[in-house]
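Here's the structure we're looking at; comments come further down.
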Amino acid sequence: MTSHHTRQRTLQRTVETEGIGLHTAVPVRLRMLPAPPDTGYMFVRVDLNGFEIPASVEYVSSCSYATTLMHTGVLLSTVEHLLSALRGMNVDNVYLEIDNLELPIMDGSAGDFVRLIEAAGVEEQSVSRRALEVRRMVSVEQTERGVVRRISIEPCANYEIDCTIDFAHPRIGIQNYTFTVGDAESYKRDIAPARTFGFLAEIEALRRANLARGGSLDNAVVLTPDSILNPEGTRWRDEFVRHKILDIIGDLALVGMPLLGRVTANRSGHLLHTELIAKLLHERAAWEIVESRKSKIEGRK
Ligand SMILES: [Zn+2]
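Numbering-wise, the numbering used here puts 245 at position 171 of the sequence shown, and it's gapless, one number per residue.
Here it is as structure tokens:
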């Protein structure tokens, strides 16, 4: 059998950008640097003497509004969009230098991070990429005021995500989208530009709780009870479910390698996403680490 193993990838050169944190509104500078094979995504708090926080599920501390990592008391918030861009663009190893406690929100999507990765260039390294292949279905669910939220992962030859959201809002309703992770061009075109969204009433409550302080129409789609506030409108009618897939890719990147499995998400959020991978990793018989094969879609040019 001839198999086409993929190699790990890193950036060709260092790139940087700056912005503000969605929840804290603090200014933050982000530098992305090439890293050796098997480094994974390593956050470095340059404002705290280079304290390192690996992007790993064992360091997840809270996930109510954004995915936050904590390592020995040092926090790093809203990591999911950057991690999504890295996984979506097939970058495996990178140092992520940050000089504050929250990642920049940019325009609320992963588009700027994708452009930064492209500006850096991506190169193959000497070591094969591994993948976490799912062998048995694992699922988590949560019932909240009669609403069932659920996410599962089951065996599949590719890394697929089937996502459904359901918001009783005229601009959203029920939206479903299926995406196969692995082809950078599709990620860049169909997922990365989808912006985060929130309901005006919810945003006001977040503000009272000292959250979403950096949020504005420049970095989120804001919904009123029957419409949206953004004058430019949405980028797609189903931008909402596409953004949910963006979040799932980012949260599941905390596994530390690509997955081989089919994810089915129904009204899920950051908390369930990280619970799923914690449960998956705990169930040792549910997965196997394999050499990553070039997927059909990735090989297609
Ligand atoms: Zn998001």
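Even for Gly, the Cβ is constructed at its ideal location relative to N, Cα and C.
Confirm the yes/no value for this check: CB of Leu320, any heavy atom of ligand 1, distance under 7 Å. yes
Could you pull the start and end residues of the beta strand (DSSP E) that Thr348 belongs to? Premise fails: Thr348 lies in the alpha helix (DSSP H), His344 to His356, not in any beta strand (DSSP E).
Shorter than 7 Å, the distance from the beta carbon of His317 to the closest heavy atom of ligand 1, or not? yes
Can you tell me whether Tyr306 sits near ligand 1, meaning its C-beta is under 7 Å from at least one heavy atom of the ligand? It is worth fixing the name first, because residue 306 is Glu in this sequence and not Tyr. No; taking the cut-off as 7 Å, the Cβ of Glu306 has no heavy atom of ligand 1 nearer than that.
I'd like to confirm something about Thr270: is its beta-carbon nearer than 7 Å to some heavy atom of ligand 1, or not? yes
What is the DSSP secondary structure of Gly185, counted as helix, strand or coil? helix
Using a Cβ-Cβ cutoff of less than 7 Å, which residues in the same chain neighbour Arg245 once the five nearest sequence positions on both sides are dropped? Leu297, Ser301 and Ile302
Endpoints, the alpha helix (DSSP H) within which Ser200 is located: That residue, Ser200, is in no alpha helix (DSSP H); its beta strand (DSSP E) goes Val196 to Ser202.
Quick one: what does DSSP say Asp264 is sitting in, helix, strand or coil? helix
In chain order, what residues of the same chain have a beta carbon less than 6 Å from the beta carbon of Glu171, not counting five sequence neighbours either side? Arg105, Val118 and Val120
With distances taken Cα to Cα, identify the nearest neighbour of Asp181 among Glu306, Met211, Ile248 and Arg203. Glu306
Count the CB pairs spanning the stretch 339–357 and the stretch 213–229 that are closer than 8 Å, and state whether there are at least three. yes
Using the rule of at least 16 other Cβ atoms within 10 Å of the residue's Cβ for burial, across every protein chain shown, is Leu96 buried or exposed? buried
Taking a contact to mean a Cβ-Cβ separation below 8 Å, would you say Leu175 touches Thr98 in this structure? yes
When every heavy atom of ligand 1 is checked, does at least one fall within less than 7 Å of the C-beta of His155? yes
Who does Phe271 pair with in a DSSP beta bridge? Val295
Taking Glu357 as the reference, which of Pro128, Glu207, His155 and Arg281 has the closest Cα? Glu207
With distance defined between alpha-carbon atoms, name the residue in Arg281, Arg316 and Thr146 nearest to Arg128. Note that residue 128 corresponds to Pro in the displayed sequence, not to Arg. The candidate whose alpha carbon is nearest that of Pro128 is Thr146.
Closer than 7 Å by C-beta to Arg93: which residues in its own chain qualify, once you throw out the five before and the five after it? Chain order, please. Residue 93 is actually Gly in this sequence, not Arg. So the list reads Val102, Pro178, Ile179 and Met180, once near-sequence residues are dropped.
Spatial neighbours of Asn293 within its chain, please: CB distance less than 6 Å, with the 5 preceding and 5 following residues excluded, ordered by chain position. Ile179, Asp181 and Gly182
Between the stretch 321–329 and the stretch 152–164, can you find at least three pairs of beta-carbon atoms closer than 8 Å? yes
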